[in-house]
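Taking the numbering used here, the leading residue of the sequence shown gets 102, the next gets one more, and so forth.
Ideal Cβ placement from N, Cα and C applies to all residues, glycine included.
Some notes on the structure that comes next.
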Amino acid sequence: MSHTPREPASQERAADTRVPAPPVVSVRGLTALAGPHRIVDDVGFDIAAGEVLALVGASGSGKTTTGLSLVGDARAGVRLEGSVDMAGTDVLGSRPPAGAVAYLPQHPAAVLNPVRRIGGVLREIARRHAVDDDGAPPRRIGRREIDARIAAALRRTLLPPPEELFGRFAHQLSGGQQQRLVFAQSLLCRARLLVVDEPTTGQDPLTRQRVAAELGELAGDGMAVLLLTHDLDLVRDLATGVLVLRDGGVVERGTTEDVLYRPQHPYTRSLTRAHFAGPGAASPESGAPAQAAPGPPRIEVVDLIAGGGRRRGARPILDTVGFRLAAGECLALVGPSGSGKTTLARCVAGLAPRRAGTVRRDGAPLPAAARRSRTQRARVQYVFQDARASFDEYRTIGDQVARSAVRLRGLAGDRARGEAVDMLARTGLSPDHARRRPAALSGGELRRAALARALLAGPEVLICDEITAGLDAVTRAGILDLLADLRQSFGISLLVIAHDMAVVARLAGRVLVLDGGRVVEEGSVDRVVAAPTHPLTRDLLDAAGAHRDSDGATATARTRDSPSAHP
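Okay, here's the thing in structure tokens:
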């Protein structure tokens with residue numbers, strides 16, 4: 102799945118001699134302190150209307166902390182210094198001007214209201230930010246106009262129409278749908294600046310294309326965008342300039358063309374080389390994983406029906422789905438957001454109720470998680486897509502990882518803590534990370550900690566829900582190598598949910614394609630990639646290839662100015 106990066110179409114444009122537009126936001130000397138640690142160290146930049154500035158770097162490099170500062174926010178225990186000027190207001194000393202900025206977080210569940218229905222929340226946001234297109238002050242508008250604006254935002258973000266969505270709660274949406282719901286809320290705010298943190302994380306290739314196109318259109322309409330991402334393909338397609346962060350400081354800055362294709366700093370060169378070579382590039386000798394020979398199923402799912410609520414005639418999320426997973430085998434679940442992948446995985450783990458069907462381990466039925474024995478829980482482990490929500494915010498990461506071995510393997514506390522530190526190290530996290538609480542770790546670091554916690558239980562089956570999403574290319578390659586080694590050395594069976602077909606090709610032997618809660622295609626990865634039979638599979642593969650290999654103009658290509666940069 103490796104590929105050669107193409108130069109953005111903007112490289113061929115003639116130099117623009119227009120006077121640069123004044124910045125929508127101007128950041129100077131931004132520093133974030135957490136005790137003795139400098140999470141962000143003297144960062145500065147400007148973003149003007151119509152510009153897209155990308156912040157890239159490894160997990161924990163300070164991207165999210167920088168993005169939060171633009172809305173005047175900071176995580177618990179973090180102190181901000183410097184200035185963030187927006188419309189004449191330093192937002193580090195006060196809140197941003199009303200309607201000036203909207204923030205799309207990496208973990209949308211953290212900002213979605215869990216107890217209110219979606220329709221009521223959207224109407225409240227639309228009413229509160231009812232400004233005209235010319236930026237006139239808020240005015241009172243009628244229910245019909247509010248609903249029309251909401252419907253337009255839902256269409257632009259590929260969400261179901263109001264009649265399907267308004268009555269639901271946020272937890273009834275998939276992770277990708279939750280992310281797009283926050284995006285729709287941001288559109289309704291009609292802000293001048295949009296801060297987006299990993300907007301393509303957990304999105305299928307078709308949705309990714311539309312999200313990228315939508316961000317491009319917003320910038321083309323004059324919105325300033327700060328893009329926090331590990332997705333260098335998205336950076337290539339959208340950004341006018343790039344800042345590379347490492348350990349909180351800027352190690353390189355410049356135009357997208359210069360940073361991606363003529364990087365000067367060794368760290369930037371390692372990021373671009375690993376990303377454009379594809380997953381597994383850090384260990385090319387490992388090659389494609391050898392798959393287990395067919396054998397008795399370790400996990401067998403038969404005619405599974407799940408979700409949809411208890412209403413009479415309600416359509417299930419999963420409709421008579423089945424598969425087998427042998428020891429040492431890796432099966433990938435792919436499909437659009439909302440197709441039922443996570444519900445299927447949660448049913449295997451016993452975390453979601455099923456209306457009909459059977460889940461068996463080694464031929465014996467598996468009950469719901471609450472009724473599973475300690476051994477049954479230990480043998481099937483789940484690494485969640487929203488890793489932050491799976492951790493207790495008041496306890497250290499090391500204690501929570503160690504508790505997995507205490508509760509599920511019966512280890513003494515000291516031995517469990519020692520194994521926790523060792524396992525965290527295998528996922529790239531230091532003893533210092535083990536001593537921190539979840540709020541002090543980035544989303545990518547928490548995802549690695551969640552993997553370490555699951556592995557410390559000694560599982561036979563490991564369910565990974567978008568485990569590499571939000572990770573830089575170097576870290577992603579290391580995690581994929583670790584999973585491949587665990588499967589080959591210890592016979593661990595992997596059930597992997599992934600939208601990145603390069604990850605699927607690196608890990609999996611077979612693939613199950615879901616759409617609307619049904620299996621629409623199944624087969625070996627080689628066969629499905631080379632000769633897909635279902636239109637959806639072809640569309641997903643075409644979209645995955647388009648954003649990596651196309652050398653023509655894309656839907657997001659547009660005329661862009663170079664970003665202003667703080668010297």
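Asked	Found
How far does the alpha helix (DSSP H) with Glu264 in it reach, from first residue to last?	Pro263 to Leu266
Kindly provide the ranges of any beta strand (DSSP E) runs that are 3 or more residues long and lie completely inside the region 391-465, ordered along the chain.	398-407, 419-427, 431-435 and 455-462
Identify the residues that DSSP records as bridge partners of Gly624: which are they?	Val612
Check Tyr204 in the structure and name its three-state DSSP category.	strand
Report all residues from its chain with a CB closer than 7 Å to the CB of Val212; omit the five preceding and five following residues, and keep chain order.	Pro206 and Val283
Closer than 8 Å is the cut-off here; do at least three beta carbon pairs connect the region 504-517 with the region 442-459?	no
Please confirm if Ala558 has its CB atom under 8 Å from at least one CB of chain D.	Among the protein chains of the structure shown there is no chain D, as only one such chain exists.
Hey, could you find the ends of the alpha helix (DSSP H) Pro306 is sitting in?	Pro306 to Gly321
Note down the Cα distance separating Ala254 from Leu295, rounded to an integer number of angstroms.	15 Å
Determine the contact status of Leu445 and Val422, defining contact as a CB-CB distance below 8 Å.	yes
Can you tell me the Cα-Cα spacing of Leu335 and Tyr368, whole angstroms?	19 Å
Compare the beta carbon distance of Leu542 and Gly178 with 8 Å and say whether it is the shorter of the two.	no
Could you pull out every residue in the same chain whose Cβ sits closer than 6 Å to the Cβ of Ile140, ignoring the five residues on either side in sequence?	Ala133, Gly163, Thr166 and Gly349
With DSSP as the reference, please indicate the residues paired to Gly145 in a beta bridge.	According to DSSP, which records beta bridges pairwise, Gly145 is partnered with nothing at all.
So, for Ser491: in the same chain, excluding its five sequence neighbours on each side, which residues have a beta-carbon less than 7 Å away from its beta-carbon?	Phe485 and Ala551
With respect to the beta strand (DSSP E) encompassing Gln482, which residues constitute its N-terminal and C-terminal limits?	Val481 to Val484
Run the CB neighbour count on Gly189, radius 10 Å, all protein chains shown included, and call it buried at 16 or more, exposed below.	exposed
According to DSSP, what are the bridge partners of Leu134?	Arg139 and Arg180
Alpha carbon to alpha carbon, how far is Leu181 from Leu405?	51 Å
So, using beta-carbon positions, are Leu328 and Ala340 closer together than 8 Å?	yes
May I ask which residues mark the beginning and end of the beta strand (DSSP E) holding Gly350?	Gly350 to Thr356
Could you check where the beta strand (DSSP E) with Ala155 kicks off and where it finishes?	Val153 to Val157
I need the straight-line Cα distance from Ser170 to Ile148, nearest angstrom please.	14 Å
Apart from the five residues just before and just after Ala469, which ones in its own chain have a Cβ nearer than 6 Å to its Cβ?	Gly451
Enumerated in chain order, which unbroken segments of the alpha helix (DSSP H) with a length of 4 residues or greater are wholly contained in the region 584-608?	602-608
Measuring alpha carbon to alpha carbon, tell me which residue in Gly618, Val629 and Leu259 is nearest Ala609.	Val629
Throw me the rounded Cβ distance for the Thr258 and Ala285 pair, which I believe falls under 8 Å.	4 Å
Whole angstroms are fine: how far does the CA of Ser371 sit from the CA of Leu642?	27 Å
Do the region 518-533 and the region 547-561 touch if we need at least three Cβ pairs shorter than 8 Å?	yes
Starting from Asp500, trace the beta strand (DSSP E) in both directions and tell me its first and last residue.	Unbroken run through Asp500 is the alpha helix (DSSP H), Ile498 to Arg510; no beta strand (DSSP E).
CB Val153 to CB Ala314, shorter than 8 Å?	no
Would you call Pro123 buried or exposed, if buried means 16 or more other Cβ atoms sit within 10 Å of its Cβ?	exposed
Assuming Val435 contacts Ala199 under a Cβ cut-off of 8 Å, what Cβ separation, rounded to an integer in Å, is found between them?	Rounded, the Cβ-Cβ distance is 42 Å, inconsistent with contact.
Identify whether Ile564 lies in helix, strand or coil by the three-state DSSP scheme.	strand
Taking all protein chains shown into account, do 16 or more other C-beta atoms lie within 10 angstroms of the C-beta of His331, making it buried, or fewer, making it exposed?	buried
Identify the residues that DSSP records as bridge partners of Leu339: which are they?	Per DSSP, none; premise fails for Leu339.
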